[in-house]
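What follows is one structure encoded as structure tokens, with my remarks underneath.
2 protein chains.
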Amino acid sequence: MSTFISFDVRDVRFPTSRDLDGSDAMNPDPDYSAAYLTIRTDDPADAEGGTSLVFTIGRGNDVQGAAIRALEHHVIGRDVEEVLADLGGLHRRLNGDSQLRWLGPETGVMAMAVGAVVNAMWDLRARREGRPLWLTLASLEVEEILDLVDFRYLSDALTREEAREILERGAAGRDERIEEIRAHGVPAYTTTPGWLGYSDDKLTYLLHEARDQGFEMVKLKVGGDVEDDVRRLALAREVMGEGYPIAIDANQRWDVDSAVTWLERLAPSDPYWIEEPTFPGDVLAHAAIRRRIAPMRVATGEQGSGRVLFKQLLQAEAIDVLQLDATRVAGINENLAILLLAAKFGVPVCPHAGGVGLCEMVQHLAFLDAVAIGGTNADRRIEFVDHLHERFEVPVRIERGAYMPPEQPGSGARMLPATLAAHAYPDGPVWQQAAPPLGAGSSDASEATDGAGTAAAPVESA
Amino acid sequence: MSTFISFDVRDVRFPTSRDLDGSDAMNPDPDYSAAYLTIRTDDPADAEGGTSLVFTIGRGNDVQGAAIRALEHHVIGRDVEEVLADLGGLHRRLNGDSQLRWLGPETGVMAMAVGAVVNAMWDLRARREGRPLWLTLASLEVEEILDLVDFRYLSDALTREEAREILERGAAGRDERIEEIRAHGVPAYTTTPGWLGYSDDKLTYLLHEARDQGFEMVKLKVGGDVEDDVRRLALAREVMGEGYPIAIDANQRWDVDSAVTWLERLAPSDPYWIEEPTFPGDVLAHAAIRRRIAPMRVATGEQGSGRVLFKQLLQAEAIDVLQLDATRVAGINENLAILLLAAKFGVPVCPHAGGVGLCEMVQHLAFLDAVAIGGTNADRRIEFVDHLHERFEVPVRIERGAYMPPEQPGSGARMLPATLAAHAYPDGPVWQQAAPPLGAGSSDASEATDGAGTAAAPVESA
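The listed protein sequences correspond, in order, to chains A and B.
Numbers 1 to 462, taken from this note's numbering, label the letters of the first sequence in order.
Numbers 1 to 462, taken from this note's numbering, label the letters of the second sequence in order.
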């Protein structure tokens, strides 16, 4: 028997806005940040503890940290084995803390804080098993998965019985699919070429590069200026040829009518999907846009607050593609509910990633989905942005345009100690140096500090 | 010309869970709390500054405070006259802070934090005019109100043009309606009799008392045990007689099917409305419940995150009654959008109140609605709970079951200095005393400290 003895929340920030060479229509100057949680036990075998992070884009990372700290009393002093054996119970207790629930409910920073605690526990559990998280999850029995999911508020769309059927179907052939993804991974798509600020020449060059690297899909940001978007998308179509999937992402820029008008202009270049055309919580607007621009696909989810929103997006037939995120909702358990809902409605899950650590974490859910829930679905692709991976203990591994499953233990959230020290906010050495003016050709000060350079990659916040 | 020079956030909590003699189905032990903001200027005439608060129910009040503090840089050093002359611009800047927006967007603690800053500005503006906030708002020109509203994401339901028509209709007869509400107020309803824990005798006694005090509507909590609910509601119907409005409130307890089953049992006692039958963000579930239990009315909104959610509730015909709250959304400006949406769809607004300061603040919006937006609507009623009013500089005034409009300057959020000192958390004297065990007949320690007793009133959190 062991006990939880420490609950450590750190504010870690990367000065990505200093090196800005990419931007989208809503997020001009993100400083990629993490509210970084480590939970420790009194068992010396748990030397690394359990780790998770919530991704934010700068200001407010301290607010997110405060939200995580508010959950400490649910952890300290508890029996480790008991908690890890009933992570469904923990998820419900955290979401159901009656005083903290008032701050959401089950949305915003409190949902993400619950996710941090739940995910740190999953990291610890996977480490204790000596497995990568995806394999820990894929090895669960059907009834155990069902116990992990909070079906409250879902029964009008998904009952426990229906979820059981989905999981039982998923269990057949599981071992073969594990070997399949070990051999071939899950396809990625890249957002690298498509930033709003790039010249047409740079766009063309990066599109060629993406295809040369084996990516079978790319994404372009849109929503700044319609004439620019028409030209850029037509150029991309010309470069990549007919039929190559080119998604577009508006980062919540439009109302219903403006989305439709704008997208009618872009339709001739056959975008593969339109992502976040409007406010992420607006189910009915997404549904209206989708009806009016059919057959163009609609995708959303990176800022979807939790299972009830995704349930409604599916019920309203508002989306063709569900983009779950590793740190936006109340953790692995909430994402299990979302994966099951997507399977019920037959909508493919293409996880959002980028930022800092999102690729490392969300891939585990995509592998689980491929192995045990949604099965091998040709439409499943994980977003990829080549940025900040070197800061993690187990960076993602992309081969021939696919995410390859890690075999190291844990959930992927652990950063290197030197990065944690250098990027501590506001006292770490990276932040103690004055920020050079934007566009002054500055380099990330952390390179000198922790020896791991920040690639001159686009700043992706969506 | 003057400048904003200080931005002070305090954590104020009342140990209401010690004196618990009322509870609802989701909130067993709230400690009524306020993240309390005072903004000050360098103009000596602004001696009191601008004040607002966000209501929470205990744990997490510090998280809310951190969220408000994260907005300080939008205020300090700014020109006061410029900011107060364009509070629409401020509201959009705060909601649009691209880094902080990531934490919502426009939902949860960040939405409430934006509301705190916006509302403190409105308090200051009303004080500078020497008017109660409701009169400051009711005196605005139509174009100025339109500039205050963020129509982004609303245009599929409400355009600026349509809002102008509503406001122009509302402007006709405004002065007569101001005198009308000065004479008769806006009707209140009381939740005092209906707590889950009360005996049938106490319920009966309090129902008689409510009618004797002039209240023309009461509300009962439901959702604990269906047999209890059937008995209590039948008793209430017997006591109050046919036709007397008795609302019921489930505080988010149900899924769709369980709501319908439960409400079919209660229907014979003719509840006036069912409030919060399910998750507050679940538009489609509210719509489904409403269709299936028609003609029973559905009400919700106290935990509705903002204008986009209310827009959808109205578009989906999910509600008969819209219950806006003073501190849940991004401030007066967001609530202006919500009032206009309700007017567009012809749905009456019956504000949520209770807690600490919610009655004092939300009444201003109800008076504005009565005077200049929704007009005199026989279905408009403001919730009332008789608790903690004596802690405020301008407590609500209830006469013959109606809220009477205050004439003192400001928005109603200012607490008495002695209360602020006594209830500071965790260092104030009220919190330095050990909490006696629940049920030990403890009295609120603040009585001895600040000379203003906490009435032995039910603890209402919804």
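The C-beta atom is built at its ideal place from N, Cα and C for all residues, glycine as well.
Under a Cβ-count criterion, where at least 16 other Cβ atoms within 10 Å of its own Cβ denotes burial, should residue i be classed as buried or exposed?
i, result
"Ser-52/B", "buried"
"Asp-31/A", "buried"
"Gln-303/B", "buried"
"Arg-13/A", "buried"
"Asp-8/A", "exposed"
"Ala-45/A", "exposed"
"Gln-99/B", "buried"
"Asp-79/B", "exposed"
"Glu-209/B", "exposed"
"Ala-330/B", "buried"
"Met-1/A", "exposed"
"Ser-269/B", "buried"
"Ala-326/B", "buried"
"Asp-249/A", "buried"
"Gln-64/A", "buried"
"Gly-108/B", "buried"
"Ala-163/A", "buried"
"Gly-241/B", "exposed"
Tell me whether residue i, by its Cβ, gets closer than 7 Å to a heavy atom of the ligand MN.
i, result
"Asp-62/A", "The ligand MN is not part of the structure shown, which contains no ligands of any sort."
When the Cα of residue i is compared with those of the options, which residue comes out closest?
i, options, result
"Gly-130/B", "Gln-363/B, Gly-410/B and Asp-427/B", "Gly-410/B"
"Arg-381/A", "Leu-140/A, Ala-66/A and Ile-181/A", "Ile-181/A"
"Gly-77/A", "Tyr-272/A, Thr-3/A, Ala-67/A and Ala-116/A", "Thr-3/A"
"Leu-233/B", "Leu-203/B, Val-260/B and Val-256/B", "Leu-203/B"
"Val-362/A", "Gly-346/A, Gln-323/A, Thr-376/A and His-387/A", "Gln-323/A"
"Cys-359/A", "Arg-391/A, Val-117/A and Ala-288/A", "Arg-391/A"
"Arg-253/B", "Gly-241/B, Val-239/B, Glu-238/B and Glu-275/B", "Glu-275/B"
"Ala-116/B", "Gly-357/B, Glu-143/B and Glu-216/B", "Gly-357/B"
"Gly-224/B", "Arg-152/B, Gly-428/B and Trp-262/B", "Trp-262/B"
"Tyr-244/B", "Asp-255/B, Leu-207/B and Asn-251/B", "Leu-207/B"
"Gly-346/B", "Glu-334/B, His-352/B, Leu-314/B and Asn-333/B", "Leu-314/B"
"Asn-119/A", "Ile-39/A, Asp-62/A and Gly-60/A", "Ile-39/A"
"Arg-307/A", "Pro-132/A, Asp-29/A and Ala-157/A", "Ala-157/A"
"Arg-328/A", "Ile-398/A, Val-54/A, Asp-97/A and Leu-416/A", "Val-54/A"
"Arg-297/A", "Asp-320/A, Ile-289/A and His-286/A", "Asp-320/A"
"Leu-333/B", "Ala-318/B, His-364/B and Tyr-205/B", "According to the sequence shown, residue 333/B is Asn rather than Leu. That would be His-364/B, whose Cα lies nearest to the Cα of Asn-333/B."
"Ala-288/B", "Trp-273/A, Ile-398/A, Asp-255/A and Ala-316/A", "Ala-316/A"
"Ala-47/B", "Ala-378/B, Arg-128/B and Arg-231/B", "Arg-128/B"
Might you give, ordered along the chain, the residues of its own chain that have their beta carbon closer than 8 Å to the beta carbon of residue i, omitting 5 neighbours on each side?
i, result
"Arg-101/A", "Asn-95 and Met-110"
"Ala-138/B", "Arg-174, Ile-178, Phe-367, Leu-368, Val-371 and Ala-372"
"Gly-374/A", "Gly-170, Leu-339, Ala-342, Ala-343, Pro-348, Val-349 and Arg-380"
"Met-121/B", "Ile-39, Gly-50, Val-83, Leu-84, Leu-87 and Leu-90"
Ordered along the chain, which non-local residues of its own chain (more than five positions away) have a Cβ less than 7 Å from that of residue i?
i, result
"Gln-312/B", "Val-283"
"Gly-281/A", "Ser-305 and Leu-309"
"Thr-191/B", "Lys-219, Gly-354, Glu-383, Val-385 and Glu-460"
"Val-186/A", "Ala-366, Phe-367, Ala-370, Arg-380, Ile-382, Ala-402 and Tyr-403"
"Arg-237/B", "Ile-246, Ser-269 and Asp-270"
"Val-226/A", "Trp-262 and Arg-265"
Against residue i, what residues of chain C qualify as contacts under a CB-to-CB distance less than 8 Å, listed in chain order?
i, result
"Ala-70/B", "Of the protein chains in this structure, namely A and B, none is chain C."
Which same chain residues, not among the five before or five after residue i, have their C-beta less than 6 Å away from its C-beta?
i, result
"Val-83/B", "Leu-90"
"Ala-440/B", "Caution applies to Ala-440/B, whose pLDDT of 38 falls short of 50 and renders its modelled position unreliable; the value that the coordinates give is listed next. So no residue of the chain qualifies."
"Val-149/A", "Leu-336 and Ala-337"
Checklist entry - Can you list, in chain order, the residues of the region 277–296 of chain B whose Cβ is nearer than 8 Å to any Cβ on chain A? => result Thr-278, Phe-279, Pro-280, Gly-281, Asp-282, Val-283, Leu-284, Ala-285 and Ala-288
Item to check | Members of the region 179–212 of chain B near chain A, C-beta cut-off 8 Å | outcome: none
Next on the checklist: For the region 327–361 of chain A, list every residue whose C-beta sits within 9 Å of some C-beta in chain B, in sequence order.
Outcome noted: none
Checklist entry - What are the uninterrupted segments assigned as beta strand (DSSP E) that are 3 or more residues long and contained completely in the region 177–206 of chain A, given in chain order? => result 186–194
Item to check | In chain order, each alpha helix (DSSP H) run of at least 4 residues that lies wholly inside the region 406–431 of chain B | outcome: 417–422
Checklist entry - Closer than 7 Å, Cβ to any Cβ of chain B: which residues of the region 47–68 of chain A, in chain order? => result Thr-56, Ile-57, Gly-58, Arg-59, Gly-60, Asp-62, Val-63, Gln-64, Ala-66 and Ala-67
Checklist entry - Given a limit of 8 Å on CB to CB distance, which residues of the region 142–166 of chain B reach chain A? => result Arg-152, Tyr-153, Leu-154, Ser-155 and Asp-156
Checklist entry - For the region 85–111 of chain B, which residues have a CB atom closer than 8 Å to at least one CB atom of chain A, in sequence order? => result Asp-97, Ser-98, Gln-99, Leu-100, Arg-101, Trp-102, Leu-103, Gly-104, Pro-105, Glu-106, Thr-107, Gly-108, Val-109, Met-110 and Ala-111
Item to check | Residues within the region 245–262 of chain A neighbouring chain B, beta-carbon criterion of under 7 Å | outcome: Asp-255, Val-256 and Asp-257
Checklist entry - What runs of the beta strand (DSSP E), each 3 residues or longer, lie entirely inside the region 249–292 of chain A? => result 273–275
Next on the checklist: Can you pull out the residues from the region 294–325 of chain A whose beta carbon lies closer than 9 Å to at least one beta carbon of chain B?
Outcome noted: Gln-303, Ser-305, Gly-306, Val-308, Leu-309, Lys-311, Gln-312, Gln-315 and Ala-316
Checklist entry - Which of the residues in the region 119–136 of chain B, read from start to end, lie with their CB under 9 Å from any CB of chain A? => result none
Checklist entry - What are the residues of the region 401–430 of chain A that lie near chain B, defined by any Cβ-Cβ distance shorter than 8 Å? => result none
Item to check | Residues within the region 30–41 of chain B neighbouring chain A, beta-carbon criterion of under 9 Å | outcome: Pro-30, Asp-31 and Ser-33
Item to check | Entirely enclosed alpha helix (DSSP H) segments - the region 92–134 of chain A, minimum 4 residues | outcome: 98–101 and 108–129
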